[in-house]
Amino acid sequence: QMSSGAADLRQRKKQNCTESDKMAPEERNKENSKLGKSPKYMLIQRFAKLFFGCLAAVTSGMMYAVYLSTYHERKFWFSSRQELEREITFQGDSAIYYSFYKELLKAPSFERGVYELTHNNKTVSLKTINAVQQMTLYPELIASVLYQASGSEEVIEPVYFYIGIVFGLQGIYVTALFVTSWVMSGTWLAGMLTVAWFIINRTDTTRIDYSIPSRENWALPYFACQVAALTGYLKKNLNCSAEKFCYLLVNASTYTFMMMWEYSHYLLFVQAVSLFLLDSFALAQTEKVHEVYRIYLFSVIVGYLLQFENSALLVSPLLSLVVALMLSKSLQMNVKKSTFVSRLLKIMYIYLVLTVAVTLNFLLKMFIPHKENEHFLKFIEVKLGLNTTKNFTMNWLLCQESLQAPSQDFFLRLTQSSLLPFYILVLIICLFSVTQVIFRRICGEPLKETVKLEDGRIGERPEIVYHVIHTILLGCLAMCLEGMKYLWTPYVCMLAAFGVCSPELWMTLFKWLRLKAVHPILLALILSMAVPTIIGFSLWKEFFPRIMTELTELQEFYDPDTVELMTWIKRQAPVAAVFAGSPQLMGVIKLCTGWMVSSLPLYNDDDLLKRNENIYQIYSKRSAEDIYKILTSYKANFLVIEDSICNEVGPVRGCRVKDLLDVANGHVVCEEGDNYAYSKYGRFCHEIKMNYSPYVNYFTRVYWNRSYFVYRINTVISFQS
């Protein structure tokens, strides 16, 4: 019965597809004859609209990529810098990603380079890591292949090729948002407004300014393409060729997105929840939604195999939810009828899916080792106030700005650009319309096959309902964690632009207001053109001069102390030396010198997290002997003390590295709101600079400048005073 039911669904889908293909031209011809326009004229008009829309979309993406490249050049003076000075602009984890790209290019062959990355023992002391799996280095693998296969070695430097690909992907990102808004509203004016809001609010839409090689900058453009394709795929009365194209694009972009970012399955989980709610209220074609579920399932399987059997994907909430959805749907497929029992089963269906998903996820976590996600779950517990901890790593993560609640400045910036007010207006109208549609569905009223402008029922369009749910879910996450705003704000730009440019949205509003003085359809068409035009002119007048100032203003990023440190290491340190220090600095040392380090700025591995915490003890109140034992346990030969961390004056007291270490080590006692510090040792990073025993017995200063102090860790300890 299940197989016959599935066959019926497929047969219905083919019939609907062929019927819509046959009926669409007939309906268009009737409309054209009523308007007195020939089919040839309408075809030319439609082609012109499509051509200029695509031209505007591609041009917007290219202009944004050029804008990013120009801004980057002005900010860092990239073309006039030496290679070492350019590499210093990559900070923290970005430095590690780019260092592996350099190693791939230096390898005698691509196969040898991949092998060395998957069996890497030249990066972290006493540790062999699979860097491709642990750091999701597929972007670097692709970039290195493209660089060598295209013969670009004689044309462009590796660093320009690398950042050029990232900037190009950002152009694709903007183009995808343009197309999504265009598909939803029917006018490419909405796409232009989306791009304008995206660029004006660049501080809150992308992190490309601060971290070019970060995984999200490689991955989110593919997700934007997937969302654009999914938007088209969910539309009603779509012809077969367009539906197949959207389906294939959803497939390709989902697989690619899964491979580019280790946290991609969490974002796909949010999307799956949106589709689940859309299907639960029967607001979309069930067979289409379940085709997307199959894409998720196949993507997880392919990701698991290509990411070296990554167990995190098997215990991901995405897999549990998709399997639960497919099992639950197969159980109630033949029971779904327009009766009271079917409505009751709808409620039970939601309960059944949630129960099966939670149970399955619990069972998978019981039988599959998943250490990768343990620290993430602990962080969620502490963040939600379900637990407290003195653990240094957890408290350090909680203090990161991206993991705090968004500041008032964030909402102020969105309001000043007029984005937030229009988003709230569009969201309220769409929500009320969707609520009306759901109420009609509960009462047994079927959805209309085609929603016309005069109907004023924007909530009956499945792609609109999907985006409303999706932005609400992403918005809830963004209200908890500021870093999530980079996922939410781009789709706020897109939804707000679609709303103000959509005659259907204005018509929905006028239906509620029951306008009689003015013809509502005419007013809706006028407002859908006038409002975005007024917004565009106001944005141009206020923000265009600022953007031009950014591009013409010469900024200067120069860090002579770090340049001197890297130069000294390359000239004076032994090739086999191992350096210890803060993880962020170790990433830069690895990139600029190639020397081995004792820790990395990575937070998805328990051993590396423990290493980072142990090596950070150089800024705590512990004895010279304790620090010496910690450093020698990782075979470190040199220690780098950063003055900026040792003498840090943070805006939030208690979030400085030394404060967090004092709490973790029990050197701070809190009584009645007051903090009391106690330790029989001074702070190590201060005491070691005094050059007295016992510090000079364990460590010998070999280099220093205004920002860094480098000490050789003695192999033979002398206790002479």
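Every letter in the sequence shown is one number past the one before it in the UniProt record's numbering, and letter 534, counting from 1, is 534.
Using N, Cα and C, we set each Cβ at its ideal position, and we do this for glycine too.
Put simply, of 360, 566, 626 and 136 the residue whose alpha carbon is nearest the alpha carbon of residue 591 is 566. Around the Cβ of residue 51, a 10 Å sphere holds fewer than 16 other Cβ atoms; the residue is exposed.
The DSSP assignment places complete alpha helix (DSSP H) segments of no fewer than 4 residues inside the region 349-395 at 374-383, in order along the chain. Using a C-beta cut-off of 8 Å, the region 655-667 makes contact with the region 676-693, since at least three inter-stretch Cβ pairs fall below that distance.
Annotation for residue 144: 101, 104, 105, 110 and 113 place their beta carbon closer than 8 Å to its own, counting only its chain and skipping 5 residues before and after. Judged by DSSP in its simplified three-state form, residue 201 adopts coil rather than helix or strand. If only uninterrupted beta strand (DSSP E) runs of at least 3 residues are considered, those enclosed by the region 584-647 are 638-642. DSSP links residue 129 through a beta bridge to 120. Residue 213 and residue 684 have their C-alpha atoms roughly 34 Å apart. Taking the Cβ atoms as the reference, residue 413 lies roughly 6 Å from residue 204, within the contact range of under 8 Å. In the DSSP assignment, residue 578 falls outside any alpha helix (DSSP H) and within the unbroken beta strand (DSSP E) covering 578-580. The beta-carbon separation of residue 181 and residue 497, rounded to 5 Å, stays under the 8 Å limit for a contact. Proximity to residue 561 across 579, 68, 40 and 88 peaks at 88, based on C-alpha coordinates. Going by beta carbons, residue 321 and residue 269 fall inside the 8 Å limit. Rounded to the nearest angstrom, the Cβ distance from residue 535 to residue 193 is 7 Å, consistent with a contact under 8 Å. Taking one beta carbon from each stretch, the region 307-321 and the region 466-476 have fewer than 3 pairs nearer than 8 Å; the two do not touch. By the C-beta criterion, the region 221-235 is judged to be in contact with the region 183-202, since at least 3 inter-stretch pairs fall below 8 Å.
As computed with DSSP, residue 713 is found in a beta bridge with 699. If the five residues before and after residue 463 are omitted, its C-beta is found closer than 7 Å to the C-beta atoms of 184, 231, 234 and 235, all from its own chain and listed in chain order.
Looking at the DSSP output, residue 41 shares a beta bridge with no other residue. Within the region 411-471, the complete alpha helix (DSSP H) segments of 4 residues or longer fall at 419-442, listed in chain order. In this structure residue 415 is exposed. Its beta-carbon is surrounded by fewer than 16 other beta-carbon atoms within 10 angstroms. In the DSSP assignment, residue 244 falls within the alpha helix (DSSP H) that extends over 240-260. Cβ-Cβ distances below 6 Å link residue 487 to 474 in the same chain, with the five nearest sequence neighbours on each side left out; the list follows chain order. Around residue 218, the same chain offers 139 and 260 as residues with beta carbons nearer than 6 Å, after the five sequence neighbours per side are excluded. Distance between residue 40 and residue 477, taken at the CA atoms: about 49 Å. Across the structure, residue 130 and residue 658 are spaced so that their CA atoms are roughly 32 Å apart. Here residue 708 carries a strand assignment [DSSP, helix/strand/coil]. The residue among 580, 619, 606 and 398 with its C-alpha nearest the C-alpha of residue 634 is 580. For residue 559, no alpha helix (DSSP H) run applies, since DSSP gives it neither H nor E. Remark: C-beta atoms of residue 708 and residue 597 do not approach each other more closely than 8 Å. Setting aside the 5 residues that flank it on each side, residue 173 is surrounded in the same chain by 220, 221 and 224, each with a C-beta closer than 7 Å to its C-beta; the list follows chain order.
A Cβ-Cβ contact shorter than 8 Å links residue 569 with residue 593.
Per DSSP, the continuous alpha helix (DSSP H) segment holding residue 270 begins and ends at 264-280. Here residue 77 carries a coil assignment [DSSP, helix/strand/coil]. A Cβ-Cβ distance of about 24 Å is found for the pair residue 583 and residue 625, leaving them out of contact under the 8 Å criterion.
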